[in-house]
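First the structure, in the form of structure tokens, and then the observations on it.
Chains as they are written, first to last, in this note's numbering: chain A, 1 to 429; chain B, 1001 to 1092.
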């Protein structure tokens, strides 16, 4: 017997789960297919989730979701080979509900999210791969998975950065190494008390700590340390084409990062429990595929809905927001009995009204700006050298900060160049 | 902290290894390439250069997709591991 679904969602990540949850809540017959053995089995990320979008979908989710810590502190550090200059932001407001951000481990969190989708009434089929699309003329009318034809009014694609179905639907070409960053991460386990001592955390407080500078040896990218309950997520993100061209491996950068004098002591004794890697679509609106066609919508990383600036790199909340917008579009299309591209164009409208496409447009220049190698070499060196000069007492008559600044920048960069870089950064931070 | 090899890092991961390869290298195209970007792009060191040939071991693959994006020549044919097989993250 062939079961026909109102909607088939491909991929049980944040986009697919958000969409499946919202559709099931509205009473639609929904199938979510996931190629991993369980939801989250194939998923990896840096480790922090920001913004109110998830709590709008699942009010008070933190009361039952397996989150690790809430983000009470944010720190940004500039690294040279030996030095580290940090800026930390702390406010009691980050410790008040609804929290501004959480550290999460995807394997645990996505699995939980998928159970919520099931409880809402959707079928979540794990260990099932969507191999192809079903077509009726130019209308997509379902998927082929595990050799079976599974018909549906509409397909919502949330199969991640390497989205095969977006390509099969003819909505985008091949990904380019220039448009993606590679993230590699180690999860290091510690006794909880030791971790809290080292990072000066109490209760469920956590820190999201990001790094720019020598950790990527001049390549566009950065490093991160996020605190989990009893582990750290430690990783490096770096532009894929740069790795290939400079013949550098991300894992070597990660090992170097872990040996940095400002960091090594904090990681001492950590037990490696997982090594993972994933790609992040970072070219924003330039790489975004068409978001819909007859009978199909594209969400999350598959749609390249990620905003990366010098100071933030966010995708998961965009994924959830796009999943919700896709669900709203499908509910409306169902009422009208029209799943053509014309009807599904409402999805693009919704995204344009929300932060999703607004943010992507605001920061459309960011990925280009972030390719400037001076961000990863000259500037971190400059600020570290300057602060060292100001703070070092060598018994000689003191100089003003401006005199020090003129000295440390000499031969490295001109004021004119700095002004130009700053101007170019307008659309990037 | 002494760095450990990629191989040792991968050894802590959980995999359900399929009996079939999910990545194939087209020897004819691969032989003509001297960039060998795959060697640097693969975070799991699945690609090795031995006596002028690229060899691939699929067992440690993290399914990130870097190799087939970075291979300009299209020498890498990737079919994902069968559903339920391959890397199985416990933390993520």
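We put the CB at the ideal spot given by N, CA and C, even for glycine.
The structure presented is a predicted model; accordingly, all values stated were derived computationally and were not measured.
Residue 356(A) and residue 279(A) look like a contact to me (Cβ under 8 angstroms); what is the Cβ gap, rounded to whole Å?
-> No, residue 356(A) and residue 279(A) are not in contact; Cβ-Cβ is about 20 angstroms, not under 8 angstroms.
Chain A contact for residue 1041(B) (CB, 9 angstroms cutoff) | Yes, its Cβ sits closer than 9 angstroms to a Cβ of chain A.
Check each candidate in 220(A), 393(A) and 386(A) and name the one with the smallest Cα separation from residue 401(A).
-> Among 220(A), 393(A) and 386(A), the Cα nearest to that of residue 401(A) is on 386(A).
Can you find a CB in chain A that lies within less than 9 angstroms of the CB of residue 1016(B)?
-> So yes, residue 1016(B) belongs to the interface.
Length of the line joining the Cα atoms of residue 1090(B) and residue 47(A) | Going from the Cα of residue 1090(B) to the Cα of residue 47(A) covers about 14 angstroms.
Could you check what DSSP says for residue 1037(B) in three-state terms: helix, strand or coil?
-> In the three-state reduction of the DSSP assignment, residue 1037(B) falls in the helix class.
Taking just the CA atoms, how far does residue 26(A) sit from residue 430(A)?
-> A query on residue 430(A) cannot be resolved here, the shown segment of chain A reaching from 1 to 429 and no further.
If we ignore side chains and look at the alpha-carbon of each, how far apart do residue 1088(B) and residue 240(A) end up?
-> The alpha-carbon atoms of residue 1088(B) and residue 240(A) are separated by roughly 23 angstroms.
Between the beta-carbon of residue 10(A) and the beta-carbon of residue 154(A), is there less than 9 angstroms?
-> In this structure, residue 154(A) does not lie closer than 9 angstroms to residue 10(A) by Cβ.
Residues of the region 1041-1063 of chain B whose Cβ lies closer than 9 angstroms to any Cβ of chain A, in chain order = Listed in chain order, the positions of the region 1041-1063 of chain B with a beta carbon within less than 9 angstroms of a beta carbon of chain A are 1041, 1042, 1043, 1044, 1045, 1062 and 1063.
Leaving aside the five residues before and after residue 262(A) along the sequence, list all residues of the same chain whose C-beta is less than 6 angstroms from its C-beta, in chain order.
-> Cβ neighbours of residue 262(A) beyond the five flanking positions: 84.
Have a look at residue 1023(B) and residue 221(A) and give me their C-alpha separation to the nearest angstrom.
-> Spanning the two alpha carbons is a distance of roughly 28 angstroms.
Interfacial residues, the region 80-99 of chain A to chain B, with Cβ spacing under 8 angstroms = Those would be none; no residue qualifies.
Give the DSSP-derived three-state secondary structure of residue 1086(B) in the structure shown.
-> Residue 1086(B): strand per DSSP, three-state reduction.
Chain B residues whose Cβ lies nearer than 7 angstroms to that of residue 276(A) | By Cβ distance, chain B contributes 1062, 1089 and 1092.
Between residue 253(A) and the rest of its own chain, which residues show a CB-CB distance below 7 angstroms, the 5 nearest in sequence each way excluded?
-> Within the same chain, 215, 216, 217, 236 and 238 come within 7 angstroms of residue 253(A) by CB-CB distance, once the 5 residues on both sides are set aside.
Between residue 1044(B) and residue 1062(B), what straight-line distance do the alpha-carbon atoms span, to the nearest angstrom?
-> Residue 1044(B) and residue 1062(B): Cα-Cα distance of roughly 7 angstroms.
Sufficient close CB pairs (3 or more, under 8 angstroms) joining the region 326-343 of chain A to the region 168-184 of chain A | Touching, no, given that fewer than three Cβ pairs across the two stretches are closer than 8 angstroms.
Could you tell me the boundaries of the beta strand (DSSP E) in which residue 84(A) lies?
-> Residues 84-90.
Cβ of residue 259(A) within 9 angstroms of any chain B Cβ | Yes, contact with chain B.
Counting contacts by CB-CB distance shorter than 9 angstroms, is residue 1024(B) in contact with chain A?
-> No, residue 1024(B) lies away from the interface with chain A (no Cβ there is under 9 angstroms from its Cβ).
Indicate whether at least one CB of chain A lies closer than 9 angstroms to the CB of residue 1013(B).
-> For residue 1013(B), a Cβ of chain A is located within less than 9 angstroms of the residue's own Cβ.
Please report how far the alpha carbon of residue 1081(B) lies from the alpha carbon of residue 1038(B), in whole angstroms.
-> Across the structure, residue 1081(B) and residue 1038(B) are spaced so that their CA atoms are roughly 19 angstroms apart.
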